[in-house]
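Reviewing the structure listed below.
If you want it as C-alpha cells, here you go:
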C-alpha cells in the first residue's frame, strides 16, 4: 500500500504538471479559444509558441469567439484594421489556434539572403506581380490545386478609413470558387471573432456592400469599418 507521503507527493506532482501544461486542448481553453475542425489547415504543433500566444491573449484580456468552418480552402479577410496592435491580437489568435493562414508576397523578396527563409516560415507565398496572368489568377490557381490552403487578406489595405475596399480578395475567391471567411476585431469587447462563410455572387458591388454592412457593428481601436 502506498504511504500517505507518496500519495501526497503524487498529487502535488500532478497538480504542478497541470499548472504548467503548455498545450491544453481547445475544450480546456473554451473561455479563450474555439475548437478547430479537422479539415482546417494547421501548422506543426509547437507547445511553447501556442502557450505564449495564449498568454498574450489572456494578459491582454482578449479571446477568440465564433466558429471556424470545417473547410480546407478559402479566403480569409480581416477588418477593421486601424492600429498596429491589430496584428498582435490577430497573429496571437492564429498561433494559439495553430492555424496555417498564408499571405501573398512579392517573389523578389524571396531572393534576399535570409529573408526568403523567414518569409517561408511566416507563411508568405511568393507571387510574380509582373506576370501576365496577374496576382489574382496566380493566387486562384494555388487555391484550386492545393489540398488545403487558407489565404489571409486585409480588404482595407491600410489603417486609415477608406471609402472602398480593395477587391482582390473577392476576385481570388470568385476565380477559385471558394468561400470567404469573415474575421473581425472588436476592441470594446476585446475579441477576435469569426463570422459565417460568405459565398461570392455575380456582382462585385453588391457583395462589397453586403460585406461592409456585416462589418458595421465591429469597432477597431481607432475606428469602425463603415
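Numbering (full-length UniProt numbering), first residue to last: 1 to 226. Don't be surprised by glycine CBs; every beta carbon is placed ideally from N, CA and C. These figures come from a predicted structure and were not determined experimentally.
Beta-carbon proximity of residue 141 to residue 127, cut-off 7 Å:
no
How do the stretch 152-162 and the stretch 69-77 stand: do at least 3 beta-carbon pairs fall below 8 Å, yes or no?
yes
Could you give the first and the last residue of the continuous beta strand (DSSP E) run that contains residue 171?
No beta strand (DSSP E) contains residue 171, which is instead part of the alpha helix (DSSP H) from 168-176.
Residue 100 and residue 123 look like a contact to me (Cβ under 8 Å); what is the Cβ gap, rounded to whole Å?
7 Å
Where in the UniProt domain "Phospholipid/glycerol acyltransferase" (75-188) do unbroken runs of the beta strand (DSSP E), each at least 3 residues long, occur, reported from the N-terminal end onward?
101-106, 124-127, 149-153 and 180-186
Bridge partners for residue 57 per DSSP, in chain order?
DSSP, once it has assigned bridges, lists no residue as partnering residue 57.
Around the C-beta of residue 174, are 16 or more other C-beta atoms found within 10 angstroms, so that it is buried, or is it exposed?
buried
Are three or more beta carbon pairs between the stretch 39-47 and the stretch 64-72 nearer than 8 Å?
yes
Which of the three DSSP states is assigned to residue 50 in this structure?
helix
In this structure, how does DSSP classify residue 63 when only helix, strand and coil are distinguished?
strand
Any idea what DSSP makes of residue 197, helix, strand or coil?
strand
Between residue 110 and the rest of its own chain, which residues show a CB-CB distance below 7 Å, the 5 nearest in sequence each way excluded?
116, 119 and 126
Could you pull out every residue in the same chain whose Cβ sits closer than 7 Å to the Cβ of residue 92, ignoring the five residues on either side in sequence?
53, 56 and 57
Skipping 5 residues on each side, what residues in its chain have a beta carbon closer than 8 Å to that of residue 193?
64, 65, 66, 183, 184, 185, 186 and 218
DSSP bridge partner residues for residue 73 (one or two, in chain order)
149
Exposed or buried, which one is residue 48 when buried takes at least 16 other CB atoms within 10 Å?
exposed
Locate the alpha helix (DSSP H) running through residue 206, then write down its first and last residues.
204-215
Give a yes or no on whether the C-beta atoms belonging to residue 178 and residue 143 are separated by under 7 Å.
yes
When you compare the CB positions of residue 170 and residue 204, do they come within less than 7 Å of one another, or not?
yes
Separation of residue 68 from residue 34, as counted between CA atoms:
8 Å
Mark residue 22 as exposed unless 16 or more other C-beta atoms lie within 10 angstroms of its C-beta, in which case mark it buried.
Note on residue 22: pLDDT 46, under 50, position unreliable in the model; the coordinate value appears next. Looking at its Cβ environment, which holds fewer than 16 other Cβ atoms inside 10 Å, residue 22 is exposed.
C-alpha distance - residue 62 paired with residue 44, whole-angstrom precision:
24 Å
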